[in-house]
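**Student:** Submitted below is the structure of interest, expressed as structure tokens.
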Amino acid sequence: MTDGTHDHHRLLLAGLALLVVALSVASVLIGYAPLDLGAAVLDLLAGRASLPALVLAELRIPRAVLGAAVGFSLGVTGAALQGLMRNPIADPGIVGVSGAAALGAVVAFYFGFSAAFALALPLGGLIGAGIATVFLLSVARSGADTATLILAGVAINALAGALTALALNLAPSPYAALEVVFWLMGSLADRSLVHVALALPFMVLGWALVLSSARAMDALTLGEDAAHSLGFSLKRVRLVVVGGTAAAVGASVAVAGAIGFVGLVVPHLMRPLVGHRPGRLLLASGLAGAALTLGADIVVRLVPTRPELKLGVITAIIGAPFFLAMLRRLKVEGP
Amino acid sequence: MIVVAEGVEARRGAAAVVRGLSLAVRGGELLGLIGPNGAGKTSLLRALCGLDPLASGRIVFDGRTPAEIGRAAFGRTLAYLPQNGRIHWPMTVAHVIALGRLPHGAAVLDAAARRAMAAADVTHLAGRTTGTLSGGERARVLLARALAVEAPVLLADEPVAALDPYHQLQVMELLRANARAGAAVVAVLHDLTLAARFCDRLALMDQGALRALGTPAEVLAPAPVAAAYRVSIECGARGGEPFVIPWSRLDGPAGKEPTP
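Protein sequences appear in the order of chains A and B.
For the first sequence, this note's numbering assigns the number 1 to the initial residue and increments by one for each residue that follows.
For the second sequence, this note's numbering assigns the number 336 to the initial residue and increments by one for each residue that follows.
Laid out in structure tokens, this is it:
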């Protein structure tokens with residue numbers, strides 16, 4: 001639109017971006033050890049490997065960057081899948097990649113690779129997500145419709161869930177099982193710049209793919225037949241959205257575990273603010289997802305429990321009641 | 336623009352739903368596609384849109400196949416109004432109609448979209464969200480969306496199905512005006528009087544095949560209608576315009592022949 005809604009939308013995006021920046025800074029400032037930020041930044045810039053500089057570079061910054069990136073991934077892919085399926089209860093987890101990524105990481109745990117070297121965990125997650133993605137894309141390339149594609153995701157999730165349960169069942173010790181369960185709850189604690197370097201390229205690729213489908217998302221408002229008649233290839237859109245989601249969410253789960261409800265709830269929050277236009281919802285949901293995840297990760301560190309609460313627990317505790325309230329409203333308004 | 340279908344055959348699973356059908360539609364013409372339920376009217380429209388692959392035959396637009404035209408350009412060549420079209424998110428009417436401009440770039444409410452909105456008599460609804468519209472309003476909004484493409488070919492599947500008589504006449508006038516303005520318009524219709532009054536030519540389909548093709552007077556004769564629909568019809572004219580009333584089922588007990 002050339003009228004006021006365009007300015008309104010820019011204002012919304014700018015506001016959300018500012019919020020993400022502010023929460024990122026807050027995330028860097030908050031931690032368990034006191035940090036002289038000024039000294040840390042100066043040392044870091046001067047190349048001095050002082051303790052404050054190490055805390056900043058190795059703990060605080062990776063955590064903030066991953067919080068924003070994981071949240072953006074969940075928000076933008078949730079909006080894209082809801083648009084692709086024209087179904088407001090779709091969630092990035094539905095394509096099965098998060099289950100597969102979790103399984104990959106659990107396998108790395110189970111066979112002791114993660115004890116041998118720390119990065120086995122995210123690498124296992126990425127490999128799991130990669131295998132699921134290749135399978136999904138081959139289904140999409142064969143010309144399957146959206147429902148079939150989602151059912152393939154459900155099947156991947158079921159299989160990955162079963163194998164994860166098997167690993168827990170056969171875990172050598174209760175301690176190992178507990179470790180896996182904790183990891184599955186999702187957390188951003190103790191992630192390093194290496195985790196960022198591993199995951200971010202896949203996430204950025206996924207964002208670019210998903211955001212490129214904005215016009216097709218708008219066209220899909222009228223259904224797949226009308227979208228086709230407007231010049232969009234549904235097969236291509238499915239490949240781009242499912243491939244992008246798999247890359248971004250697979251990488252997210254590989255480094256942070258499963259963080260639920262962000263991808264489901266955030267698009268609902270943003271939809272009224274973008275006039276329910278699915279193309280515009282993408283970027284807004286990405287930014288709001290980043291803000292929500294950063295906020296939840298700050299809450300995790302402010303709540304005085306030790307060991308710290310898992311991020312996935314907080315997002316679910318915030319998300320589930322919120323979602324229930326939304327369902328009530330949906331029922332009242334009705335289609 | 337001239338759209339030519341040659342020996343088109345379309346299948347749904349193993350069943351042939353369009354069988355060896357050939358016809359041509361020219362710019363400036365409103366062609367009514369009529370026939371009983373399951374005759375293959377929607378399947379033919381879907382084949383014309385390129386939604387379903389052809390089992391055999393070909394369809395060309397000014398001599399070029401959709402593949403030769405290219406996907407994006409084909410979106411500007413042909414506008415399609417599906418039967419019972421849905422609007423999946425509660426956007427404003429203005430935003431829905433702007434979607435018709437996507438093949439030309441972005442979904443913006445430009446002059447073409449505003450023309451379409453005015454033509455379909457929905458300008459006053461522009462700020463409403465689609466969830467608040469009546470069935471008739473929604474149908475006209477979707478028609479305006481299709482008109483906003485300003486494509487040289489317009490395919491409308493049962494465009495008057497949800498409408499009251501006033502809006503049925505309005506939409507038929509609109510389709511005819513669109514044809515007069517140069518578009519090749521194909522509309523699937525069940526109301527034989529609307530078909531007779533507004534269409535330049537009619538194509539009568541039955542069991543996937545073309546049973547009759549010609550002027551309304553030629554096609555809506557008792558014999559072809561009886562063969563395809565299994566009903567008798569009463570025909571007349573008022574002020575030089577024909578009307579056609581389905582009267583009785585030919586193979587059923589209901590309906591009495593009218594007294595002369």
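Every residue, glycine too, gets a C-beta built ideally from N, C-alpha and C.
Which whole runs of the beta strand (DSSP E) in the region 481–556 of chain B are 3 residues long or more, in chain order?
**Tutor:** You should have 488–492, 519–523, 536–541, 544–549.
**Student:** Following the continuous alpha helix (DSSP H) through LEU37/A, name the residue where it begins and the one where it ends.
**Tutor:** 37–46 is the span of the alpha helix (DSSP H), which, as asked, contains LEU37/A.
**Student:** Pick from ALA227/A, VAL242/A, LEU23/A: whose alpha carbon is nearest that of LEU205/A?
**Tutor:** Nearest of ALA227/A, VAL242/A, LEU23/A to LEU205/A, Cα basis: VAL242/A.
**Student:** Over what stretch of residues does the alpha helix (DSSP H) that includes GLY243/A continue unbroken?
**Tutor:** It spans 234–256 - the alpha helix (DSSP H) in which GLY243/A sits, taken as one unbroken run.
**Student:** What residue range is occupied by the uninterrupted alpha helix (DSSP H) comprising ILE131/A?
**Tutor:** Counting along the chain, the alpha helix (DSSP H) containing ILE131/A begins and ends at 120–141.
**Student:** State the Cα-Cα distance for the pair ARG473/B and THR221/A, rounded to the nearest angstrom.
**Tutor:** Going from the Cα of ARG473/B to the Cα of THR221/A covers about 14 angstroms.
**Student:** Check the DSSP bridge columns for VAL343/B and list the partner residues they point to.
**Tutor:** Note: VAL343/B sits in a beta bridge opposite LEU356/B.
**Student:** Mind checking if THR164/A is an interface residue toward chain B, Cβ cutoff 8 angstroms exclusive?
**Tutor:** No - not a single Cβ of chain B is within 8 angstroms of the one on THR164/A.
**Student:** What are the boundary residues of the beta strand (DSSP E) that includes GLY153/A?
**Tutor:** Looking at the DSSP string, GLY153/A is not in any beta strand (DSSP E); the run it does join, the alpha helix (DSSP H), is 146–169.
**Student:** Taking its Cβ as the centre, do 16 or more other Cβ atoms sit within 10 Å of PRO335/A, making it buried, or is it exposed?
**Tutor:** Residue placement at PRO335/A cannot be trusted, given a pLDDT of 41 that sits under 50; the coordinates are not used to answer.
**Student:** Let's see if you can read the secondary structure: which residues bound the alpha helix (DSSP H) around TYR110/A?
**Tutor:** Note, TYR110/A: alpha helix (DSSP H), 97–110.
**Student:** To the nearest angstrom, how far is the alpha carbon of ALA514/B from that of SER142/A?
**Tutor:** Straight-line Cα distance between these residues: approximately 39 angstroms.
**Student:** Would ALA338/A pass as an interface residue toward chain B - the criterion being a Cβ-Cβ separation below 8 angstroms?
**Tutor:** The shown model of chain A, from 1 to 335, leaves out residue 338/A, and the question about it has no answer.
**Student:** Could you name the residues of chain B that GLY275/A contacts, counting a contact when the two beta carbons are closer than 8 angstroms?
**Tutor:** Result: MET426, THR427, HIS430.
**Student:** I'd like to know whether the C-beta of ALA519/B is nearer than 8 angstroms to at least one C-beta of chain A.
**Tutor:** No, ALA519/B lies away from the interface with chain A (no Cβ there is under 8 angstroms from its Cβ).
**Student:** Scan the region 218–233 of chain A for residues whose Cβ lies nearer than 7 angstroms to a Cβ of chain B and list them as they occur along the chain.
**Tutor:** Flagged, chain order: ASP218, ALA219, THR221, LEU222, GLY223, ASP225, ALA226, HIS228, SER229, LEU230, GLY231, SER233.
**Student:** Using a Cβ-Cβ cutoff of less than 7 angstroms, which residues in the same chain neighbour MET1/A once the five nearest sequence positions on both sides are dropped?
**Tutor:** With a pLDDT of 43 at MET1/A, under the threshold of 50, the predicted position of this residue should be treated as unreliable, though the coordinate-derived value follows. Contacts found: none.
**Student:** For a contact defined as C-beta to C-beta under 7 angstroms, what are the partners of PRO417/B on chain A?
**Tutor:** Ordered by position in chain A, the residues that pass the 7 angstroms Cβ test against PRO417/B are GLY223, ASP225, ALA226.
**Student:** Quick check on ARG306/A: does DSSP put it in helix, strand or coil?
**Tutor:** Coil.
**Student:** Give the residues from the region 278–293 of chain A that approach chain B closer than 8 angstroms (Cβ to any Cβ), ordered along the chain.
**Tutor:** If the cut-off is 8 angstroms between Cβ atoms, the region 278–293 of chain A has PRO278, GLY279 near chain B.
**Student:** Over the uninterrupted alpha helix (DSSP H) stretch that includes PRO577/B, give me the two end residues.
**Tutor:** It is not in any alpha helix (DSSP H) - PRO577/B instead sits in the beta strand (DSSP E) that spans 576–584.
**Student:** Using a C-beta to C-beta distance shorter than 9 angstroms, which residues of chain B count as neighbours of ARG328/A?
**Tutor:** None at all; the shortest Cβ gap to chain B is about 17 angstroms.
**Student:** Beta-carbon of ARG141/A versus every beta-carbon of chain B: anything under 8 angstroms?
**Tutor:** Taking Cβ atoms only, chain B never reaches closer than 8 angstroms to ARG141/A, which makes this a no.
**Student:** Within 7 angstroms: the Cβ of ARG473/B and any heavy atom of the ligand ATP?
**Tutor:** Of ligands this structure carries none, so the ligand ATP is not represented either.
**Student:** Return the CA-CA distance between GLY257/A and LEU35/A, expressed in angstroms with no decimal places.
**Tutor:** Each residue's alpha carbon lies about 27 angstroms from the other.
**Student:** If you draw a straight line from the alpha carbon of PHE117/A to that of GLY250/A, how long is it in whole angstroms?
**Tutor:** Distance between the alpha carbons of PHE117/A and GLY250/A is about 21 angstroms.
**Student:** Hey, how far is the Cα of VAL194/A from the Cα of GLY47/A?
**Tutor:** The straight-line gap from Cα to Cα measures roughly 18 angstroms.
**Student:** Please state whether DSSP places SER212/A in a helix, a strand or coil.
**Tutor:** Of the three classes helix, strand and coil, the one that applies to SER212/A here is coil, per DSSP.
**Student:** Can you tell me the Cβ-Cβ gap for ALA140/A and PHE202/A, rounded? I've got them flagged as a contact below 8 angstroms.
**Tutor:** Actually they are not in contact, since the Cβ atoms of ALA140/A and PHE202/A sit about 18 angstroms apart, beyond 8 angstroms.
**Student:** Under 8 angstroms, Cβ to Cβ, is there at least one residue of chain B near ARG10/A?
**Tutor:** Chain B, which has no Cβ nearer than 8 angstroms to the Cβ of ARG10/A, makes this no.
**Student:** Which residue from THR412/B, THR458/B, ALA374/B, LEU368/B puts its Cα closest to that of PRO429/B?
**Tutor:** Per the sequence shown, the amino acid found at residue 429/B is Ala instead of Pro. The candidate whose alpha carbon is nearest that of ALA429/B is THR458/B.
**Student:** Pop quiz: ALA167/A and VAL106/A are said to be a contact at Cβ under 8 angstroms. What is the actual Cβ separation, rounded to whole angstroms?
**Tutor:** About 5 angstroms; that satisfies the 8 angstroms criterion.
**Student:** Identify the contact partners of ARG238/A in chain B, using a Cβ-Cβ distance below 9 angstroms as the criterion.
**Tutor:** Those do not exist, as ARG238/A stays about 15 angstroms from chain B at its closest Cβ, beyond 9 angstroms.
**Student:** Show which residues of chain A have a CB atom less than 8 angstroms away from the CB atom of ILE422/B.
**Tutor:** Near ILE422/B (Cβ distances below 8 angstroms), the residues of chain A are THR221, LEU222.
**Student:** Among the residues of its own chain, which have a CB less than 7 angstroms from the CB of ILE314/A, if the five just before and after it don't count?
**Tutor:** Closer than 7 angstroms at the Cβ level, and outside the excluded window around ILE314/A, lie ALA296, VAL299, VAL300.
**Student:** With 16 other CB atoms within 10 Å as the buried threshold, where does LEU11/A fall?
**Tutor:** Classification of LEU11/A: exposed, given that the 10 Å Cβ count is below 16.
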